[in-house]
């Protein structure tokens with residue numbers, strides 16, 4: 001039994017990790033209702049955010065972030081693409097905000113929802129699909145008359 005416990009490496013979590021806030025993609029999802037877990041107004045929410053997109057945006061904000069492989073309890077679909085939770089260190093050990101721009105979890109959610117549409121994966125998805133389709137059509141073949 002002890003061998004099974006040592007088979008999985010344990011990483012040391014940062015101090016005060018239990019005080020970090022949790023954010024799920026459903027909190028900022030425009031397609032969800034309040035009952036399904038959305039926490040910000042639809043006008044400021046984004047369509048179908050993923051945990052990876054949230055991590056990308058928040059890692060550039062100067063906050064300490066950590067992704068976890070958890071699923072939101074109100075999520076209807078249990079598919080792996082819907083898994084993910086982001087932990088964010090909002091305040092230091094004394095309770096003061098680390099970044100004065102982010103004083104509450106709502107500030108973090110609004111910032112994330114504002115920046116996700118500006119990601120390259122969101123701005124050029126059609127361009128990438130068009131180039132892949134054109135490459136697939138460049139085969140040798142006879143022309144039809």
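Residue numbers (full-length UniProt numbering): 1 to 145.
Ideal placement from N, C-alpha and C gives every residue a C-beta, glycine not left out.
Being a predicted model, the structure only gives us computed values, none of them experimental.
Three-state secondary structure assigned by DSSP to residue i
i: residue 18; result: helix
i: residue 49; result: coil
i: residue 212; result: With the chain running from 1 to 145 in the structure shown, residue 212 is simply not present.
i: residue 80; result: helix
i: residue 12; result: coil
i: residue 25; result: helix
First through last residue of the alpha helix (DSSP H) which encompasses residue i
i: residue 106; result: 105-115
i: residue 120; result: 120-123
Where the beta strand (DSSP E) through residue i begins and ends
i: residue 87; result: 85-88
Pair within 9 Å by beta-carbon distance, residue i and residue j
i: residue 57; j: residue 123; result: no
i: residue 20; j: residue 118; result: no
i: residue 76; j: residue 36; result: yes
i: residue 39; j: residue 109; result: yes
i: residue 30; j: residue 12; result: no
On the three-pair Cβ rule with 8 Å, is the region 68-79 touching the region 17-31? The region 68-79 vs the region 17-31: in contact.
The region 87-102 touching the region 59-67, judged by at least three CB pairs closer than 8 Å: As far as the Cβ criterion goes, the region 87-102 touches the region 59-67, which means the pair count is three or higher.
Using 8 Å as the threshold, is the region 79-90 in touch with the region 39-56, meaning 3 or more CB pairs across them? Contact holds: three or more Cβ-Cβ distances are below 8 Å.
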